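**Student:**
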Amino acid sequence: MLFDWIAAARPKTLGAAIAPVVVGSVLGWKISGHWSTWLLLCTLGSTIALQVATNWFNDALDFMKGADTQARVGPRRITAAGVMSPKAVMTAAWLMLGVAALLSLPLIQARGWAIVAIGIPSLYFCYGYTGGPMPLAYRGLGELFVILFFGFVAVLGSAFVQSGEWLVAGLVAGFQIGCLSTVLIAINNLRDQAEDRTTGKRTLAVRFGITFGRLEITALILLAHLAGLYWWENDFPRALTVPLAVAPVGLFLILRIWTQPPGPGYNRLLALSGMQLLLFAGLFCWGVSRSPISPL
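The sequence shown lines up with residues 1 to 296 when you count with UniProt numbering.
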């Protein structure tokens, strides 16, 4: 049973919660000189809890909406498989939101009400991604949600937690991490395009087709690296050059999505895109830490 809950949390996607916090925290430390391991751990724990809650809501609500069918080619869902009831999965997701809120209390104490302003919409959209009056995933807004909350908000907010400042550099890093995080959901939606079309889930891949989905993934990967020119121009050259080591992974993903039809094989591409995100984040942090201090 424990394995089923872990699988439903979708560990392959948790890099989208880890990467922005680590990147933002390291960036905030490098620019301001301030560092708190305790605040990092609280930020990381809260963000992971939000990601797990989102995945559990998605598991239960997709089943309740009829979006998970026998045609599903993605990993097994515990609600659709009958392992857990929708009520149990929904309850667990709400409890996980409570964990996220609890872990945010030290952040509020340290940085004030700005954390509340970030946290409240983040808490809501964990549910609102799949549920509520206008579920984002069913309106083709899933990618926007990811790049906004797991890119800009998470990176900029994590940098603010460490530094106490709102950094323009955090927006750039947030865009880069947001693009690579969005690759995960874009591959997921491209894989499920045929099923989603029959169940009324109007993702961008459903609305605009497979070719658009491939172009979207290609653009996201390329833009994540091109945005790195900002670091070169602002005396953080290694923040551009070191992450380029992961570019071959991105190029391989681009090649595969253009040559392989959507289907079960995309599950491996999804795992590879998660690895790409974590590698990029790790190399970016190393590059930033090895760069001279800049007045960014």
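For glycine and all other residues, C-beta sits at the position ideal for the given N, C-alpha and C. Note that the structure is predicted; figures quoted are calculated from it, not measured.
#1: With a threshold of 6 Å on Cβ separation, who are the neighbours of L279 within its own chain once the five nearest residues in sequence on each side are excluded?
#2: Do A281 and A9 count as a contact pair if the criterion is CB distance below 8 Å?
#3: Taking the beta carbon of W232 as the centre, do at least 16 other beta carbons fall within 10 Å, making it buried, or is it exposed?
#4: Is the beta carbon of V21 sitting closer than 8 Å to the one on C285?
#5: Given a cut-off of 8 Å, decide if I221 and L184 are closer than it, judged by their beta-carbon atoms.
#6: Considering just the uninterrupted stretch of the alpha helix (DSSP H) at D196, what are its terminal residues?
#7: If you scan the region 120 to 152 from start to end, which runs of the beta strand (DSSP E) of 3 or more residues do you find wholly inside it?
#8: Going by Cα to Cα distance, which pick from E216, T199, Q193 is closest to V206?
#9: With DSSP as the reference, label residue 302 as helix, strand or coil.
#10: Pick from R139, F145, G112, Y138: whose alpha carbon is nearest that of P121?
#11: Output yes or no for whether 8 Å exceeds the beta carbon distance between L180 and G170.
#12: Report the rounded CA-to-CA distance for L2 versus G82, giving the unit in angstroms.
#13: Give the DSSP-derived three-state secondary structure of I108 in the structure shown.
#14: Roughly how many angstroms separate the alpha carbons of P261 and V161, rounded to a whole number?
#15: For K30, name the three-state secondary structure that DSSP assigns.
#16: Return the first residue and the last residue of the alpha helix (DSSP H) that Q162 is part of.
#17: For W166, tell me which candidate among Y129, I118, K201 has the shortest Cα-Cα distance.
#18: Using only alpha-carbon positions, find the residue among F212, G164, V153, V168 that is nearest to G140.
#19: Given this structure, state the Cα-to-Cα distance separating P133 from S289, to the nearest angstrom.
#20: Return helix, strand or coil for V249, following the three-state DSSP convention.
#21: In the DSSP assignment, find the unbroken alpha helix (DSSP H) run with M275 in it and report its ends.
#22: So is F208 buried or exposed if we call it buried at 16+ other beta carbons inside 10 Å?
#23: Whole-angstrom Cβ separation of T43 and S163, contact assumed at under 8 Å?
#24: Could you check the C-alpha separation between S104 and V242 for me, to the nearest Å?
**Tutor:** Working from what's here:
#1: On the sequence shown, position 279 is the one that residue 279 refers to. Closer than 6 Å at the Cβ level, and outside the excluded window around L279, lie V246.
#2: Position 9 of the sequence shown holds residue 9. Position 281 of the sequence shown holds residue 281. No.
#3: Start at 1 with the first residue of the sequence shown, and residue 232 comes out as number 232. The residue in question, W232, is exposed, as its Cβ has fewer than 16 Cβ neighbours within 10 Å.
#4: Numbered from 1 along the sequence shown, position 21 holds the residue referred to as residue 21. Numbered from 1 along the sequence shown, position 285 holds the residue referred to as residue 285. Contact: no.
#5: Taking the first residue of the sequence shown as position 1, residue 184 is located at position 184. Taking the first residue of the sequence shown as position 1, residue 221 is located at position 221. No. Outside cutoff.
#6: In the sequence shown, residue 196 corresponds to position 196, counting from 1. Taken as a continuous stretch (DSSP letters only), the alpha helix (DSSP H) holding D196 covers 193 to 199.
#7: none
#8: Counting from 1 along the sequence shown, the entry for residue 206 is found at position 206. For V206, the nearest C-alpha among the options comes from Q193.
#9: The displayed coordinates of the chain run from 1 to 296. Any statement about residue 302 would go beyond what the structure contains.
#10: Counting from one through the sequence shown, the residue named residue 121 turns up at place 121. If we check each option's Cα against that of P121, F145 comes out closest.
#11: On the sequence shown, residue 180 is found 180 positions in, with the first residue counted as 1. On the sequence shown, residue 170 is found 170 positions in, with the first residue counted as 1. In this structure, G170 does not lie closer than 8 Å to L180 by Cβ.
#12: Within the sequence shown, residue 2 is the residue found at index 2, counting from 1. Within the sequence shown, residue 82 is the residue found at index 82, counting from 1. Distance between the alpha carbons of L2 and G82: 15 Å.
#13: Along the sequence shown, one-based indexing puts residue 108 at 108. Correct three-state label for I108: helix.
#14: Along the sequence shown, one-based indexing puts residue 261 at 261. Along the sequence shown, one-based indexing puts residue 161 at 161. Cα to Cα, the separation comes out at about 43 Å.
#15: Position 30 of the sequence shown, counting from 1, holds the residue named residue 30. Here K30 sits in helix by DSSP.
#16: The sequence position of residue 162 within the sequence shown is 162, counting from 1. From DSSP, the alpha helix (DSSP H) with Q162 extends over 154 to 163.
#17: As a position in the sequence shown, residue 166 is number 166, starting the count at 1. For W166, the nearest C-alpha among the options comes from I118.
#18: Residue 140 sits at position 140 when you count from the first residue of the sequence shown. Here the closest residue by C-alpha is F212.
#19: By 1-based counting over the sequence shown, the position of residue 133 is 133. By 1-based counting over the sequence shown, the position of residue 289 is 289. Distance between the alpha carbons of P133 and S289 is about 44 Å.
#20: By 1-based counting over the sequence shown, the position of residue 249 is 249. Reduced to three states, the DSSP call for V249 is helix.
#21: As a position in the sequence shown, residue 275 is number 275, starting the count at 1. M275 -> alpha helix (DSSP H) spans 266 to 290.
#22: By 1-based counting over the sequence shown, the position of residue 208 is 208. Exposed is the call here.
#23: As a working note, residue 43 is residue 43 in the sequence shown. As a working note, residue 163 is residue 163 in the sequence shown. With 8 Å as the limit, T43 and S163 do not qualify as a contact, their Cβ atoms being about 13 Å apart.
#24: Working through the sequence shown from its first residue, we reach residue 104 at position 104. Working through the sequence shown from its first residue, we reach residue 242 at position 242. Answer to the nearest angstrom: the Cα atoms are 32 Å apart.
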